[in-house]
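Numbering (numbering that gives the first Met the number 0) for the sequence shown: 0 to 245.
Here a beta-carbon is modelled for each residue, glycine too, at the ideal position from N, C-alpha and C.
In this text, all values refer to a predicted model and were calculated from it rather than measured experimentally.
As structure tokens, the structure follows; a few thoughts come after it.
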Amino acid sequence: MSTEFSVPEVAFFGRTYSEYLQMFALDEAALRGRAILDCPCGPAAFVANACATGLNVVGCDPLFEFAPDELLARATENINDLFARLALVTDSLTFRDPVKFRKDKFDALDQFIADYRNGRGTRYIHAALPTLPFPDGAFDVVLSSNFLFCYSGIANGGLLEDDRFDLPFHLQAITELARVTRGEIRMAPTHAMQMPPRQHPYMAAAMAHLEALGFHAEIRPSPYDDGFAPFAGVLVAHKMVREERD
Ligand SMILES: C[S@@+](CC[C@H](N)C(=O)[O-])C[C@H]1O[C@@H](n2cnc3c(N)ncnc32)[C@H](O)[C@@H]1O
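See below:
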């Protein structure tokens, strides 16, 4: 039985609204009145729930060129495939309830699909890193979860069987996320995807890159438990104004 979990492609499934708030160590009050980008948002429930409470959020993803029913079929297959693969990996789900984990994935998907049917092309934008179709400084807060770091090659701390999202790709993508924010970037996870828990091997270079781009970067604790404690942090990067940089 294998102990290493890897995948051939980036999975198209997402998290619930409460998982998002925990993962990014945020609350609604901190987000109110701010322009927010979720990149990539996948079929997560964040955009749908946040917009329903009056937050100003746009989500983007390379798969948003597809119709709702195509995305529903793809995400359903990806979630089922995830659970089939996890079943082959020793101790893969001992840290959480697999029934709840699966239900959360489908709940998030249902909420996303219902909202995507109305919001495609307005709050759901077709886009892929490292090139985003937004003006410089368009957002106060840019959230980016479970793509960067997560899908580096398995030899470099991520889940992917190949190394197409290598360190140069990550730095280019971070430059683009930095371009479209006037405020802050939050990224999660910050840990490598293999046991035992450790910081992701690209993290130091990513933080140094953000500092070079004029951000103050730090890893803050996150209450989100994905089994990698004590490395379940969120990378928070604040854009410094000129006086702070000088
Ligand atoms: C596992 S989902 C993460 C969704 C959500 N952020 C979350 O945390 O639940 C990963 C997403 O990355 C997207 N993706 C793949 N290649 C990408 C790229 N080059 N730029 C941006 N997103 C990409 C996939 O389409 C997929 O929706």
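- In the pairwise beta carbon analysis, the region 130 to 142 is classified as not touching the region 60 to 74: fewer than three pairs are separated by under 8 Å.
- Under DSSP, histidine 190 forms a beta bridge with Gln198.
- Going by DSSP, asparagine 145 is part of no alpha helix (DSSP H) at all; its letter is neither H nor E.
- The region 18 to 28 makes contact with the region 139 to 156, as at least three CB pairs between them are under 8 Å.
- Following the DSSP letters along the chain, one finds arginine 116 inside the alpha helix (DSSP H) bounded by residues 97 to 118.
- Beyond the five residues adjoining it in sequence on each side, proline 229 comes within less than 8 Å, by CB distance, of Pro196 in the same chain, given in chain order.
- For isoleucine 173, the uninterrupted alpha helix (DSSP H) run begins and ends at 166 to 179, by DSSP.
- Assignment of phenylalanine 138 by DSSP, reduced to helix, strand and coil, places it in the strand class.
- Residue range 45 to 51 is occupied by the alpha helix (DSSP H) that includes phenylalanine 45.
- Judged by beta-carbon spacing, phenylalanine 11 lies within the 8 Å limit of glycine 41, meaning their Cβ atoms are closer than that value.
- Residue nearest to threonine 180 within the set Phe100, Glu8, Val240 and Gln110 is Val240 (criterion: CA-CA distance).
- DSSP lists Val233 as the bridge partner or partners of arginine 219.
- Take the alpha-carbon of valine 6 and the one of methionine 192: they are about 12 Å apart.
- Residue state for threonine 75 is assigned as helix, using DSSP reduced to three classes.
- In this structure the region 97 to 110 lies against the region 72 to 86, because at least three pairs of beta carbons, one per stretch, are closer than 8 Å.
- Residue burial is scored here from C-beta neighbours: glycine 157 has at least 16 other C-beta atoms within 10 angstroms and is therefore classed as buried.
- Only residues of its own chain outside the window of five on either side were considered, and among them Pro67 and Tyr123 have a CB closer than 6 Å to the CB of tyrosine 115, listed in chain order.
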